[in-house]
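So the structure is just underneath, and the comments pick up after that.
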Amino acid sequence: MVNIIRFFVLVSLAFLSSHSIAVQLGNLYNASVAVPSQDPSDRMLGFEQALHQVLIRVTGDEELLQDSSVNSKFRSPENYVLSFAYRENPAYSVYLEVLAERERLAMEFIDEGADVEQEPGSMPSSAQTGQEELTESLIAEPAVPDQYMLDVAFAESPIEAGLQSLSLPIWGRSRPSILVWVVMSDEQGQRSVIGASELDEVLPELTGIAETRGLPLFIPVADLTDLSLLDVDGLWGLFSDSHIDASKRYGTDAVAIVRLQSSITPEAQELDEAKEPVSQRQWRADWQLFLGEQTFFGESAQASSESVSKEFVARLASVISTQYAISGVASSEIYTISVLGIDSFEDYVDVQRYLQDLAPVASVNMLLAEEDQLTFELRLRDTREMLSQHLSLGRKLIKREAELDGILELNKGMLVDALDKFVWRSGS
Numbered sequence: 147m148v149n150i151i152r153f154f155v156l157v158s159l160a161f162l163s164s165h166s167i168a169v170q171l172g173n174l175y176n177a178s179v180a181v182p183s184q185d186p187s188d189r190m191l192g193f194e195q196a197l198h199q200v201l202i203r204v205t206g207d208e209e210l211l212q213d214s215s216v217n218s219k220f221r222s223p224e225n226y227v228l229s230f231a232y233r234e235n236p237a238y239s240v241y242l243e244v245l246a247e248r249e250r251l252a253m254e255f256i257d258e259g260a261d262v263e264q265e266p267g268s269m270p271s272s273a274q275t276g277q278e279e280l281t282e283s284l285i286a287e288p289a290v291p292d293q294y295m296l297d298v299a300f301a302e303s304p305i306e307a308g309l310q311s312l313s314l315p316i317w318g319r320s321r322p323s324i325l326v327w328v329v330m331s332d333e334q335g336q337r338s339v340i341g342a343s344e345l346d347e348v349l350p351e352l353t354g355i356a357e358t359r360g361l362p363l364f365i366p367v368a369d370l371t372d373l374s375l376l377d378v379d380g381l382w383g384l385f386s387d388s389h390i391d392a393s394k395r396y397g398t399d400a401v402a403i404v405r406l407q408s409s410i411t412p413e414a415q416e417l418d419e420a421k422e423p424v425s426q427r428q429w430r431a432d433w434q435l436f437l438g439e440q441t442f443f444g445e446s447a448q449a450s451s452e453s454v455s456k457e458f459v460a461r462l463a464s465v466i467s468t469q470y471a472i473s474g475v476a477s478s479e480i481y482t483i484s485v486l487g488i489d490s491f492e493d494y495v496d497v498q499r500y501l502q503d504l505a506p507v508a509s510v511n512m513l514l515a516e517e518d519q520l521t522f523e524l525r526l527r528d529t530r531e532m533l534s535q536h537l538s539l540g541r542k543l544i545k546r547e548a549e550l551d552g553i554l555e556l557n558k559g560m561l562v563d564a565l566d567k568f569v570w571r572s573g574s
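All the letters of the sequence shown, read from the start, carry residue numbers 147 to 574 under the numbering used here.
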């Protein structure tokens, strides 16, 4: 399966770092959706679903897209498509394999039943009973997945222009990495920290949902080193600070703690005692998000782990995008900075590319180059404070303490005083 965005899960200590590891998302404007056929009508519907997926990822908040003006602006999704391609849906392949296996088992039961002679009035043989049970199971066919995946690449500039025309925020490619500690209590009250290798058994949908939303979540390995530093009961109570030391080895930009419970609903418990099928479970999650100096809280009670995962990821995306998405209101602010530590031509190229790729920066103009120092004029899309937020994520430009350098005279008669100075971290 082709990934929309590379999703990060910490399953090896090779990924550990003592520095923040903000993630640069590459395919922010690509999306994949399931479609039943390659007919034009299904393709157009797929374009619509894929564009909606991209808009949620880029704005960070699905609620912002509920306005009718958004539907009007993006009512022709095909106009934003750069390219598209079809491939077989992996879920459909699994479905075909399941059908083939069911057919094979059915034939085995039929052959076995034909070999057994049944006396008149006698009880049904085990083969016949098994055949009847299999026949009943075959009647309830599983839902048929769509046969194809439609991979769509959208044009970035017109989408951003459309969002800006509606004064909607745009969340850029540089996104904070988030370490997620999941502590779970089973029905016997036993509490445990869920590591990366166990996550699929508890919240199998979490990684895919986060990938679709463009959230780089990291799951700790929860090994002996982690557990020796953690107070599991404190994590469960959402009041322990033990996660601080345990989280340092992962070096993420933010940390979330999720308290997860799964239980049978009272109605389903009564059915269970009556020996009837049980299908109703209740999932509850309470969480905290530590982002910089701020702490955010949330909770969710749903009938499935998938619904809990969706609400958790949506809440994280909404909160974090509020901190890092650039304003949809145009800004004309000019910010002139000086960058030190430019020791090679590679540094010269890299620092300009880095500045241009920052979401709050509309354009970069180099004003002066001398020795190991470059002076840039940045035209901002947002405030200087928002630019500082993004610079703190990348850790490529480190701001020096303010120094009063007097007035620097540049060509064309431009005067700039007290430039903010940054140090370029080459190769970091």
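Cβ atoms here follow ideal geometry from the backbone N, Cα and C, with glycine treated the same way.
Per-residue DSSP class, three states only, for residue i
i: Arg530; result: helix
i: Ala307; result: helix
i: Val569; result: strand
i: Pro423; result: Low local confidence applies: a pLDDT of 49 at Pro423 is under 50, so the model's placement there is unreliable, and no value is given.
i: Lys456; result: helix
i: Ile365; result: coil
i: Thr521; result: strand
i: Leu314; result: coil
i: Asn176; result: strand
i: Leu171; result: coil
i: Gln334; result: coil
Residue span of the alpha helix (DSSP H) that contains residue i, given as start and end
i: Thr371; result: 370–375
i: Gly380; result: 378–382
i: Phe491; result: 491–503
i: Leu191; result: 186–205
i: Val348; result: 345–348
i: Lys219; result: 214–219
Whole-number beta carbon distance between residue j and residue i, since they are thought to touch under 8 Å
i: Thr205; j: Pro315; result: 6 Å
i: Phe230; j: Asp297; result: 7 Å
i: Trp570; j: Val507; result: Between Val507 and Trp570 the Cβ distance is about 16 Å, and since that is not below 8 Å, they are no contact.
Beta-carbon spacing of residue i, residue j below 8 Å
i: Val348; j: Trp382; result: no
i: Val495; j: Leu501; result: no
i: Ala431; j: Leu406; result: yes
i: Met575; j: Glu224; result: Not covered by the structure: residue 575. The range shown for the chain is 147 to 574.
i: Glu457; j: Gln448; result: yes
i: Val326; j: Ala402; result: yes
i: Val169; j: Ser313; result: no
i: Ala471; j: Met295; result: no
i: Ala400; j: Phe443; result: no
Buried or exposed by the 16-neighbour rule on C-beta atoms within 10 Å, applied to residue i
i: Lys567; result: buried
i: Ala246; result: exposed
i: Lys545; result: exposed
i: Leu550; result: Confidence at Leu550 is low in this model, with a pLDDT of 43, below 50, so its placement is unreliable and the value that follows should be read with caution. Per the 10 Å Cβ criterion, exposed.
i: Leu370; result: exposed
i: Phe300; result: buried
i: Ser374; result: exposed
i: Phe522; result: buried
i: Gly360; result: buried
i: Pro304; result: exposed
i: Gly318; result: buried
Residue i, enclosing beta strand (DSSP E) - first and last residue
i: Gly444; result: 440–448
i: Asp297; result: 294–300
i: Glu516; result: 507–516
i: Ile324; result: 324–331
i: Thr398; result: Run containing Thr398: none; DSSP gives neither H nor E here.
i: Ile483; result: 480–486
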